[in-house]
Amino acid sequence: MLATTEVAPGIHRLELPLGIHGVPTVSSYLMHDDGGDVLVDCGIAADAEDPVGALAAALELAGSSLDNLARLVVTHAHIDHFGLAGEVMRVSGGELWMHEATSLDLAKYAEPDEAVDRRTLMLADHGLYGPELTETSEGLLDWMPVMPSIAQPSRLLTGGERFIAGGRTWEVVHTPGHSPGHVCLWSAGDRLLCSGDHLLQVVSPPVTFERGFDPDPMGRYLDSLDRVRVLGPELVLPGHGPPFRDGARRAEAIERNKRRRLAQVRDMVESAPRTVTDLTTELFRISLTGPQRHFAMAEVLAYLAYHEARGVLERARRPDGVFVWTPADAASDTTRPEEVGS
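Going by this note's numbering, the letters in the sequence shown line up with residues 188 to 529, in that order.
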């Protein structure tokens, strides 16, 4: 059942259906404006026969329509936030604003089989084999059917841009980490933050390493958390779940969690050489589905990349080709690739 809620004057939260990989909904935000409404994120085509049906119904409940949208701002190009963007632009004729670094995801969606092959090779390099490797590498393919087209932005953002919507002046804040092109929207007048997946209330957002993307996503995420903490949001409108208060406190809690994991990974490798598969098995002592295993291994890679970038840990290939991680002064192979996922 669709739900819409006015979460601040002139802003409605739209709970849109997902239902893939155990994620029930995504939150989109509608900002009313006399010059045409602004939508932040748009969800997926949950119904193949009527791709925009759920979004259109939610917009109607909130007093708007696809025809009245002047602009769609996508916080990041993960399909749960971006999948309907092409259809929204086609029906509304409005603009699509995305950060310039989302080109990395768009290229992945244009060639999904190549992206799966690249992920497969990366995970095999770090010790995953057999049916588990196939299951873990192919999660992207589950999302492709719910994205009817790959939208191309009409305006590329770099951060710092401003626009008016919902009676507020919004600033685009580049917050990479969860995705290289992630942005938040900040209203300084009432200390309101549309956080996408940068800040979530219930879970610590995954920071994943992906071959060919940012070589140090965890470092970038920690910097972005600090940027948002300094802003001091009083109300956060996240990409999943209901709004919550005190964004600075939540940013600090997430940072503590990430730094605790960073220390734990470092200590484990310093106690004995380990592969990414070893570390994932020890850190996540539960049975993981393929998509869950991908997020877990990719986040472990992000922790290791952070330490490698700072000269704390390094890796060398075993005779079977798998990377083994050791303290930086203990590794014997000096001809390492430039990126942790290479």
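Using N, Cα and C, we set each Cβ at its ideal position, and we do this for glycine too.
Per DSSP, residue 280 lies in no alpha helix (DSSP H) segment and is marked neither H nor E. Under the rule that a run must span 4 or more residues, the alpha helix (DSSP H) segments found entirely inside the stretch 445 to 498 read 463 to 470 and 477 to 496. The count of Cβ pairs closer than 8 Å, one atom from the stretch 425 to 436 and one from the stretch 396 to 406, stays below three, leaving the stretches out of contact.
Excluding its 5 nearest sequence neighbours in each direction, residue 264 has C-beta neighbours in its own chain below 7 Å: 285, 289, 292, 293, 366 and 368, listed in chain order. In terms of Cβ geometry, residue 509 and residue 313 form a close pair [threshold 8 Å].
Distances from the alpha-carbon of residue 216 to those of 473, 430, 472 and 467 put 430 closest. In this chain, the alpha helix (DSSP H) harbouring residue 310 covers 299 to 312.
Around the CB of residue 328, fewer than 16 other CB atoms lie within 10 Å, so the residue is classed as exposed. Partner residues in the beta bridge of residue 216, as assigned by DSSP, are 200 and 227. Across the structure, residue 245 and residue 208 are spaced so that their CA atoms are roughly 23 Å apart.
Beta-bridge analysis with DSSP links residue 351 to 356. Here residue 374 is near residue 356, since their CB atoms are less than 8 Å apart.
Per the coordinates, the alpha-carbon of residue 386 lies some 10 Å from the alpha-carbon of residue 439. Look at the stretch 384 to 440 and you find these whole runs of alpha helix (DSSP H), each 4 residues long or longer: 404 to 418. In the three-state scheme derived from DSSP, where H, G and I count as helix and E and B as strand, residue 509 is classed as coil. Beta-bridge pairing by DSSP links residue 378 to no other residue. Judged by DSSP secondary structure, residue 247 falls within the alpha helix (DSSP H) whose first and last residues are 240 to 248.
8 Å or more divides the Cβ of residue 372 from the Cβ of residue 287. Taking 8 Å as the cut-off, the beta carbon of residue 417 is found no closer than this to the beta carbon of residue 380. Taking all protein chains in view, the Cβ of residue 252 is surrounded by fewer than 16 other Cβ atoms within 10 Å, so the residue is classified as exposed.
Setting aside the 5 residues that flank it on each side, residue 202 is surrounded in the same chain by 189, 190, 212 and 214, each with a C-beta closer than 7 Å to its C-beta; the list follows chain order. If the five residues before and after residue 222 are omitted, its C-beta is found closer than 7 Å to the C-beta atoms of 257, all from its own chain and listed in chain order. Residue pairing for residue 262: DSSP places it in no beta bridge.
Measuring C-alpha to C-alpha distances from residue 269 to each of 321, 234 and 340 identifies 340 as the nearest. For residue 236, there is no enclosing alpha helix (DSSP H), as DSSP gives it neither H nor E.
In the structure shown, residue 274 adopts helical secondary structure according to DSSP, grouped into three states. Three or more Cβ pairs closer than 8 Å define a contact, and the stretch 457 to 467 falls short of that threshold against the stretch 235 to 250. Taken atom to atom, the span from the alpha-carbon of residue 505 to that of residue 299 is near 30 Å. In the structure shown, residue 325 falls within a coil segment according to DSSP collapsed to helix, strand and coil.
Of all C-beta pairs linking the stretch 219 to 239 to the stretch 466 to 473, fewer than three are shorter than 8 Å, placing the two stretches out of contact.
The residue among 304, 326 and 447 with its C-alpha nearest the C-alpha of residue 477 is 326. Residue pairing of residue 343 in beta bridges, as defined by DSSP: 285.
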